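A.B. asks: In my numbering, the protein residues as written are 1 to 61.
#1: For residue 59, I'd like the list of residues in its chain whose CB is within less than 6 Å of its CB, leaving aside the five on either flank, ordered along the chain.
#2: List the whole-angstrom C-beta distance separating residue 41 from residue 54, where the pair is believed to meet the contact cut-off of C-beta under 8 Å.
#3: Alpha carbon to alpha carbon, what distance is there between residue 56 and residue 24?
#4: Could you have a look at residue 38 and say whether DSSP puts it in helix, strand or coil?
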């Protein structure tokens, strides 16, 4: 069977981390997204705690 032709429009760097190759790690955009998610959960916890929904004095309705 003949080899399939390669295409020059395919970015080889986009395939990094596939086929058993080690990935370079999270991108700065992914780090920022995880940081934003963490901040959202922290703010949500603080708001719910101050509202009395979470914490030692919370009423489990």
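Yeah, the Cβ is synthetic: ideal placement off N, Cα and C, and Gly gets one too. Since the model is a prediction, treat every value here as computed from it, not as a measurement.
C.D. replies: In terms of the structure at hand:
#1: Here the set comprises nothing.
#2: Contact flag wrong, Cβ pair sits at about 12 Å.
#3: Roughly 43 Å separates the two Cα atoms.
#4: DSSP places residue 38 in helix when its eight states are reduced to three.
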